[in-house]
Amino acid sequence: MPTDIVMPQMGESIVEGTITKWLKKPGDKIQRDEPLFEISTDKVDAEIPAPASGILQEIKVSEGTTVGVNTVVGTIAVDGESAAPAKAAPAPEKPAAAAKKEEKAATVPPPTPAPAAVVPVKEEGEEARSSPLVRKIAREHGISLSQVAGTGLGGRISKQDILQFIEHQGSVAQPAPAAASTPSAAAAPPPRPAPYPGDLVPMTNMRKLIAKHMIESRRTSAHVHCMYEVDLTRIVNLRNKQKAGFEQRHGVRLTFMPFFVRAAIIALQQWPIINANIEGENIRYHRNINVGIAVALDWGLIVPVLKNAGDLNFLGLQRGITDLGERARTKKLKPEDVEGSTFTVTNPGQFGAVFGLPIINQPNSAIMGVGGITKMPLVITDKDGTDSIAIRSVVHLTLGYDHRLIDGAVADQFMAQVKKNLETWSEEIG
């Protein structure tokens, strides 16, 4: 008998999931535990592995369809069995704008003489399997993924594969010469971008949830923001000096994020109200500090949680932050990885923002935004009281807080402590 492929239950509170992409098509050979399809739930997006090796016999649920957990979404004919003809699920209805374009095109009479048949161009990633991040890198460097050898299971192209290809082969793919007199030898046109201006495209499940959560947060919390300018020169110099040895010793890149998280943790221990939240007419003071780390994805935003962050040393923070970011980008997070935060850190500065005014991640009462690190002239006062102007590395930190619970004076004292922790950094980083 064929093996059923079912919609998994990604946590006790998850009752349904949306199939966002099939990574294989009917008739393809698959290996057990190889990524088979992608789903989106109200907690996480994830890749679901194949439950058995064999041939993908049938897709019962098409992309974009939401079904309950344990629903059979497809079948696998196990190796050695005689598979019935492979079938794909019916294609979902097209958006109205796209359908109108196709209807209009169908009514246009063909020219005379009739043009040669056009071979449909496959969307990028149908043959060269990869993540959205890999496809983005390929687009930015003008690379066809068909040129890149994948080292992942089933030939999947990883971020390391594409970066190594760029390093060794150059960033711009050279087109092969085509015979000038042979139309069939001409390069096929690239896949058209989607959506087109004017198209009406349904929101993804993740985008719907982001929209819902942002509106709920604005309606729930009395948002106030304060901003602090921090001289980060000491930390920038320390990182520049230590980053090569740190990565060699520990096998993980040294980033700025654990410095900001550690500085915030020390301040949270001194100002526990920032780590608390409102429950009805009560205040919940949390025993642990669970830091949500906002991760920007090609398809949205997610906030995985570094649990018990107050118990971790600097190396533990760096490893935890790196792990959460990698698993978020490769859709390996579990529902429990995005639950239970008590304070959040977001980093708009990685994209060049001077600072941001972030919306609170409910049910937290505060969120710290990290701006870009830039060099600026600052007035420096030495121990004798003499002023001078120097070029320093500066970052602007913003605290968004719930004024129902946190008074302005407390928020300012908390951020002043974060600033001091960063400007006088003396901890060993491992």
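Be aware that the sequence shown starts at 1, since it is given in this note's numbering, and climbs by one per residue. Just so it is clear, CB atoms sit at the ideal spot from N, CA and C, and this is done for glycine as well.
Spatial distance of P335 from M7 (CA atoms):
Between the alpha carbons of P335 and M7 lies a gap of roughly 15 Å.
Three-state secondary structure assigned by DSSP to R139
It is helical.
Along the beta strand (DSSP E) that carries E281, what are the first and last residues, could you check?
In the DSSP assignment, E281 falls outside any beta strand (DSSP E) and carries neither an H nor an E.
Under 8 Å Cβ to Cβ from N308, same chain only, skipping five residues before and after it: list those, please.
If we look at N308 and ignore the five residues flanking it on each side, its Cβ neighbours are N288, I289, N290.
Contact between the segment 338-347 and the segment 357-371: three or more CB pairs below 8 Å?
The segment 338-347 vs the segment 357-371: in contact.
Excluding five sequence neighbours on each side, which residues of the same chain lie with their C-beta closer than 8 Å to the C-beta of I321?
The answer, listed in chain order, is T255, M257, P258, V261, I293, L306.
Residue environment, H396, which counts as buried when at least 16 other CB atoms sit within 10 Å
With 16 or more other CB atoms across the displayed protein chains lying within 10 angstroms of its CB, H396 is buried.
According to DSSP, simplified to helix, strand and coil, what is G74?
In the structure shown, G74 sits in a strand (DSSP, three-state: E or B).
Using a 10 Å radius around the Cβ and a threshold of 16 neighbouring Cβ atoms, would you call R329 buried or exposed?
With 16 or more neighbouring CB atoms inside 10 Å of its own CB, R329 falls in the buried class.
Close beta carbons around W425, own chain, < 6 Å, minus the five adjacent residues each side
R234, I235, listed in sequence order.
Own chain partners of H403 with C-beta closer than 6 Å, once the 5 adjacent residues on each side are dropped:
Once the five neighbours on either side are set aside, the close Cβ partners of H403 are A222, V224.
If you scan the segment 208-254 from start to end, which runs of the beta strand (DSSP E) of 3 or more residues do you find wholly inside it?
Correct list: 223-231.
Could you pull out every residue in the same chain whose Cβ sits closer than 6 Å to the Cβ of T18, ignoring the five residues on either side in sequence?
Within the same chain, T18 has close Cβ partners S40, T66, N205.
Beta-carbon within less than 7 Å of T381's beta-carbon, same chain only, minus the 5 sequence neighbours each way: which residues are those?
Excluding sequence neighbours, T381 sits near D387.
Between which two residues does the alpha helix (DSSP H) harbouring D412 extend?
Run containing D412: 408-423, per the alpha helix (DSSP H) assignment.
Helix or strand or just coil, what does DSSP make of I289?
Coil.
CA-to-CA distance, D323 to I429, given in whole angstroms:
The alpha-carbon separation between I429 and D323 amounts to approximately 18 Å.
Using only CA atoms, which one of Q164, A296, F314, I30 lies nearest to V52?
Position check: residue 52 holds Ala in this sequence, whereas Val was assumed. The alpha carbon of A52 has as its nearest neighbour, out of Q164, A296, F314, I30, the alpha carbon of I30.
Starting from the C-beta of I406, find all residues in its chain whose C-beta is less than 7 Å away, skip the five residues before and the five after it, and write them out in chain order.
The residues are I273, I274, S365, A366.
Out of I360, Y401, K24, L56, which has the shortest C-alpha to C-alpha gap to H213?
The residue among I360, Y401, K24, L56 with its C-alpha nearest the C-alpha of H213 is I360.
Mapping the DSSP letters down to three states, classify K159 as helix, strand or coil.
Note: K159 maps to helix in three-state DSSP.
Where in the segment 318-350 do unbroken runs of the beta strand (DSSP E), each at least 3 residues long, occur, reported from the N-terminal end onward?
As summarised for the segment 318-350, the continuous beta strand (DSSP E) elements at least 3 residues long and confined to that stretch are 343-346, given in chain order.
Assuming F259 is part of the alpha helix (DSSP H), what are its boundary residues?
From DSSP, the alpha helix (DSSP H) with F259 extends over 257-270.
Distance, E229 Cα to V394 Cα
Cα to Cα, the separation comes out at about 7 Å.
For K243, which option in V410, S144, Q318 has the closest C-alpha, if you only look at C-alpha atoms?
Of the listed residues, the one whose Cα sits closest to K243 is Q318.
Simplified DSSP state of I391, which is helix, strand or coil:
Here I391 sits in strand by DSSP.
Of the choices R284, Q350, Q248, whose alpha-carbon is the least far from that of L297?
It is Q350.
Closest to F37 by C-alpha separation, out of R218, I59, K43, would be which residue?
Nearest of R218, I59, K43 to F37, Cα basis: I59.
Suppose contacts are defined by Cβ-Cβ distances below 8 Å. Is G325 in contact with P348 by that definition?
Cβ atoms of G325 and P348: not closer than 8 Å.
Compute the distance between the beta-carbons of V44 and L333, then report whether it is under 8 Å.
In this structure, V44 lies near L333, with their beta-carbon atoms less than 8 Å apart.
Select from V134, P2, P195, P197 the residue whose C-alpha is nearest the C-alpha of I166.
Sorting V134, P2, P195, P197 by C-alpha distance to the C-alpha of I166 places V134 at the top.
Check for me: the beta strand (DSSP E) holding T3 runs from which residue to which?
Run containing T3: 3-6, per the beta strand (DSSP E) assignment.
Among all the DSSP beta bridges, which residues are the ones paired with H396?
H396 pairs with E229.
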